[in-house]
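*Asks:* What the sequence shown shows, in the numbering used here, is residues 19 to 125, in sequence order. Quick reminder that beta carbons are idealized off the backbone N, C-alpha and C, glycines included.
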Amino acid sequence: MRPNIAVIALISLIAQLILSSIIFANSTGKIAGRIVEEGSGEPLPGVNVAILGTQKGAITDVDGYYSILNVSPGTYEIRASFLGFQSKVVQNVRVTIGQTTTIDFSL
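1) For residue 67 versus residue 94, is the C-beta spacing smaller than 7 Å?
2) Quick check: the stretch 44-59 against the stretch 79-88, are there 3 or more CB pairs under 8 Å?
3) Please tell me whether residue 69 has its Cβ less than 7 Å away from any Cβ of chain C.
4) Spell out the partners DSSP gives residue 113 in its beta bridges.
5) Would residue 126 be called buried (16 or more neighbouring beta carbons within 10 Å of its own) or exposed?
6) Specify, as a first and last residue, the run of the beta strand (DSSP E) that residue 78 falls within.
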């Protein structure tokens, strides 16, 4: 019984796609954290978190948590802004490959 060439080519293509997605997933980092109200410590849902100079960002969930995925390695400025609160910026946020950088805010 000889293996079918089409089946071998299909298996090879699937293996290449899986390997390339694994390599891509390991070439970026993640920024995550929690945003709370400064006075009470209560979580703030709906806060806009942005990486300045990029198109990347997130909005906090009901418990004040956010995460920004697929961030290229480098150093960034992160801004948290919410209507009725003064915006805050954290500078020199370093993102490394395969790691989560945690940045928490109090507004």
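*Replies:* Let me lay it out:
1) no
2) yes
3) In the structure shown, chain C does not exist; there is a single protein chain.
4) 92
5) There is no way to answer for residue 126, as the model of the chain reaches only from 19 to 125.
6) Where residue 78 is concerned, there is no enclosing beta strand (DSSP E), given that its DSSP letter is neither H nor E.
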